[in-house]
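Residue numbers (this note's numbering): 4 to 418.
Every residue gets a Cβ at the ideal spot worked out from N, C-alpha and C, and that includes glycine.
Taking it in order: structure first as structure tokens, then the write-up.
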């Protein structure tokens, strides 16, 4: 009996998927569990498995296409089985049991405009550059016109040897030197329209869900990092791998502070607030085309070494789009760190339904007045974004005080 291959919901938040490539081709024998294709979801590139045995009789959706979850994308059946009722006339995938599929989404380049959108000023060339309209009136083969455009050649000074004086390829090869126009960086269009990737679509939707409905407010604290700096240097001097980063230390401290301030370790659920007894830290990681937040689970109970190992593994697989859904969902609070990119201070957008996120800036040396004396200290700014429906100002402030106290006195992490 034929088996329908549909676009499966490969992540909890997936609404549509893009078929990156087919790993099986029409006519290939398949067993249940074989990987048929790679699919880009809203978070990662996942494998689409076969749910039956037989032959991949028909592929209905080409690679590069984006279709909604539940859409029929292929059919598995016996080699001699009639599948016309599934695929419809002509194999369009619009027959019984198969929804009409949207056309593949491709990158579109806008046509040249008489007034380009870019403001680039080009140097005047001493050589004549034929206008596109003049080239269009010249009798030339399509291939000759394309070659002329690519080489910047003036077809009006080329004599054609084709039928009726038509310019053909060989005429360009023996064209006079004056026909060649020095290359000038003239853009063919002032912009390019690039379709959204699945991860960028999700980011756009989540931002709209957060910044609009969620009443954000922000709290910033400046933290003395001298002792944390010394502690990290001492740990890494032991020579063990991996090296401890400040991000590892911040994840550890934030997790321990959340264990003491359960009112910040919460989700807004509409009719109620869910307070968590476990601490799962979402760690923002930049990937191609967007951002993903792998989760360090039970981070308050893990050592710095364990957190360091886990963050490196998760970050690497996040960039390779190889995370499993359970590895990037379920965080109770998030950390976003841009300090390594030279950012001193910023605010982060809350990842609903979480009630808070901290934005971590870089550690910089600056003059500080201490007991009437100006000294140079390493300082770091941290800004907490709070959902005011869950966290009040004083509640968030007390949480940040605990974070500050631990970072300024690293022994507090083991106290």
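Legend entry - Whole-angstrom C-beta distance between residue 223 and residue 386, which should lie under 8 Å: Position 383 of the chain shown holds residue 386. Position 220 of the chain shown holds residue 223. Separation of the CB atoms of residue 386 and residue 223 is rounded to 4 Å, and the pair is thereby assigned contact status at 8 Å.
Inset, instruction - Whole angstroms is fine: what's the gap from residue 79's alpha carbon to residue 28's? - result: The residue you call residue 79 lines up with position 76 of the chain shown. The residue you call residue 28 lines up with position 25 of the chain shown. Our two residues, residue 79 and residue 28, have alpha carbons roughly 11 Å apart in a direct line.
Inset, instruction - On the DSSP bridge assignment, give the partners of residue 271 in chain order. - result: Reading the chain shown from its first residue, position 268 is the one you call residue 271. Beta-bridge annotation (DSSP): residue 271 is paired with 276.
Inset, instruction - For residue 369, count neighbouring C-beta atoms within 10 Å of its own C-beta (all shown protein chains included) and say buried if the count is 16 or more, exposed if not. - result: Taking the chain shown and counting its residues from 1, one reaches residue 369 at position 366. By the 10 Å Cβ count, residue 369 comes out exposed.
Legend entry - alpha helix (DSSP H) segment containing residue 363, residue limits: What you label residue 363 is simply residue 360 of the chain shown in a count that begins at 1. In the DSSP assignment, residue 363 falls outside any alpha helix (DSSP H) and within the unbroken beta strand (DSSP E) covering 359-373.
Legend entry - Local Cβ density within 10 Å of residue 15, reported as buried at 16 or more and exposed below that: The residue you call residue 15 lines up with position 12 of the chain shown. Exposed.
Inset, instruction - Could you check the C-alpha separation between residue 309 and residue 51 for me, to the nearest Å? - result: Walking along the chain shown from the start, residue 309 turns up at place 306. Walking along the chain shown from the start, residue 51 turns up at place 48. Their backbone Cα atoms lie some 32 Å apart in a straight line.
Legend entry - Limits of the unbroken beta strand (DSSP E) element including residue 225: As a first step, residue 225 must be located in the chain shown, where it is residue number 222. Its beta strand (DSSP E) spans residues 219-227.
Legend entry - the stretch 75-91 / the stretch 7-22 touching (three or more Cβ pairs under 8 Å): Contact between the stretch 75-91 and the stretch 7-22 is present, because at least three Cβ pairs lie under 8 Å.
Inset, instruction - With residue 344 as the anchor, note down where its beta strand (DSSP E) starts and where it stops. - result: Residue numbering aside, residue 344 sits at position 341 when the chain shown is read from its first letter. Where residue 344 is concerned, there is no enclosing beta strand (DSSP E), given that its DSSP letter is neither H nor E.
Inset, instruction - Closer than 7 Å by C-beta to residue 214: which residues in its own chain qualify, once you throw out the five before and the five after it? Chain order, please. - result: Your numbering for residue 214 matches position 211 in the chain shown. So the qualifying residues of the chain are 352.
Inset, instruction - Starting from the Cα of residue 280, find the closest Cα among 379, 267 and 274 and give me that residue. - result: On the chain shown, position 277 is the one that residue 280 refers to. Minimum Cα distance to residue 280 is reached at 267.
Legend entry - Cβ shell of residue 40 (< 7 Å), same chain only, five flanking positions each side left out: Taking the first residue of the chain shown as position 1, residue 40 is located at position 37. Within the same chain, residue 40 has close Cβ partners 22, 24, 25, 26 and 51.
Inset, instruction - Give a yes or no on contact between the stretch 348-368 and the stretch 379-397, applying the rule of three or more CB pairs nearer than 8 Å. - result: For the pair of segments examined, the stretch 348-368 was found to touch the stretch 379-397: the number of CB pairs separated by less than 8 Å reaches three.
Inset, instruction - Report yes or no: do the stretch 222-242 and the stretch 404-416 share at least 3 C-beta pairs separated by less than 8 Å? - result: In short, these stretches touch, since the Cβ pair count reaches three.
Legend entry - Closest Cα partner of residue 334 within the set 372, 285, 378 and 314: Locating residue 334 in the chain shown gives position 331, counting from the first residue. Closest option to residue 334, Cα to Cα, is 285.
Inset, instruction - Report back the beta-carbon spacing between residue 245 and residue 320 to the nearest angstrom; my notes put them in contact at under 8 Å. - result: For the purposes of this step, residue 245 is taken as the residue at position 242 of the chain shown. For the purposes of this step, residue 320 is taken as the residue at position 317 of the chain shown. About 15 Å separates the Cβ atoms of residue 245 and residue 320, ruling out a contact at the 8 Å cut-off.
Legend entry - C-beta atoms of residue 48 and residue 263 nearer than 8 Å: Taking the first residue of the chain shown as position 1, residue 48 is located at position 45. Taking the first residue of the chain shown as position 1, residue 263 is located at position 260. Cβ distance not < 8 Å, so residue 48 and residue 263 don't count as in contact.
Inset, instruction - Grab me the residues of residue 371's own chain with a C-beta within less than 8 Å of its C-beta, minus the 5 sequence neighbours each way, in chain order. - result: Taking the chain shown and counting its residues from 1, one reaches residue 371 at position 368. Around residue 371: 227, 377, 378, 379, 380 and 382.
Legend entry - For residue 382: DSSP bridge partner residues: Here the question's residue 382 lines up with position 379 in the chain shown. For residue 382, the pairing in a beta bridge is given by DSSP as 227 and 367.
Legend entry - Three-state class that DSSP yields for residue 301 in the structure shown: The residue given as residue 301 occupies position 298 in the chain shown. DSSP places residue 301 in coil when its eight states are reduced to three.
Legend entry - Delimiting residues of the beta strand (DSSP E) encompassing residue 61: Sequence index remark: in the chain shown, residue 61 carries index 58 (1-based). Counting along the chain, the unbroken beta strand (DSSP E) around residue 61 starts and ends at 57-62.
Legend entry - Status (buried if at least 16 other CB within 10 Å, exposed otherwise) for residue 272: In the chain shown, the residue the question calls residue 272 occupies position 269. Exposed.
Legend entry - Inter-residue Cα distance where the pair is residue 240 and residue 234: The residue you call residue 240 lines up with position 237 of the chain shown. The residue you call residue 234 lines up with position 231 of the chain shown. The straight-line gap from Cα to Cα measures roughly 10 Å.
Legend entry - Distance between residue 201 and residue 60 (C-alpha atoms, nearest Å): On the chain shown, residue 60 is found 57 positions in, with the first residue counted as 1. On the chain shown, residue 201 is found 198 positions in, with the first residue counted as 1. Residue 60 and residue 201: Cα-Cα distance of roughly 28 Å.
Legend entry - Proximity to residue 199 [Cα-Cα], best of 400, 12, 19 and 397: Here residue 199 refers to the residue found at position 196 when the chain shown is read from its first residue. Checked all of 400, 12, 19 and 397; the closest Cα to residue 199 is 19.
Legend entry - Span of the beta strand (DSSP E) around residue 351: Taking the chain shown and counting its residues from 1, the one referred to as residue 351 is at position 348. Premise fails: residue 351 is in no beta strand (DSSP E) and is neither H nor E.
Inset, instruction - Provide the residue span of the beta strand (DSSP E) that contains residue 208, from first to last. - result: Within the chain shown, residue 208 is the residue found at index 205, counting from 1. Careful: residue 208 lies outside any beta strand (DSSP E), inside the alpha helix (DSSP H) at 201-214.
Legend entry - Helix, strand or coil at residue 108 according to DSSP, with G and I counted as helix: Stepping through the chain shown from its first residue, residue 108 is reached at position 105. Residue placement at residue 108 is flagged as unreliable, the pLDDT there being 40, under the threshold of 50; the coordinate-derived value follows with that caveat. Residue 108 falls in the coil class under three-state DSSP.
Legend entry - Nearest-angstrom Cβ-Cβ length linking residue 297 and residue 326, presumed shorter than 8 Å: The residue given as residue 297 occupies position 294 in the chain shown. The residue given as residue 326 occupies position 323 in the chain shown. Right, their Cβ atoms sit about 6 Å apart.
Inset, instruction - Report, in whole angstroms, the separation of the C-beta atoms of residue 344 and residue 303, which I expect to be a contact under 8 Å. - result: In the chain shown, the residue the question calls residue 344 occupies position 341. In the chain shown, the residue the question calls residue 303 occupies position 300. Residue 303 and residue 344 do not touch by the CB rule: their CB atoms are close to 27 Å apart, not below 8 Å.
Legend entry - Of the residues 194, 74, 346 and 356, the one placed nearest residue 367, counting alpha carbons only: Working through the chain shown from its first residue, we reach residue 367 at position 364. Distance from the Cα of residue 367 is smallest, within the candidate group 194, 74, 346 and 356, for 346.
Legend entry - Exposed unless 16 or more other CB atoms sit within 10 angstroms - verdict on residue 164: Stepping through the chain shown from its first residue, residue 164 is reached at position 161. By the 10 Å Cβ count, residue 164 comes out exposed.
Legend entry - Unbroken beta strand (DSSP E) run spanning residue 42, endpoints: The count along the chain shown starts at 1 and reaches residue 42 at position 39. 38-43 is the span of the beta strand (DSSP E), which, as asked, contains residue 42.
Inset, instruction - Could you tell me whether the Cβ atoms of residue 46 and residue 295 are closer together than 8 Å? - result: The residue you call residue 46 lines up with position 43 of the chain shown. The residue you call residue 295 lines up with position 292 of the chain shown. Judged by beta-carbon spacing, residue 295 lies within the 8 Å limit of residue 46, meaning their Cβ atoms are closer than that value.
Inset, instruction - Going by CA-CA distance only, name the one from 30, 71, 63 and 67 that's closest to residue 13. - result: For the purposes of this step, residue 13 is taken as the residue at position 10 of the chain shown. Here the closest residue by C-alpha is 71.
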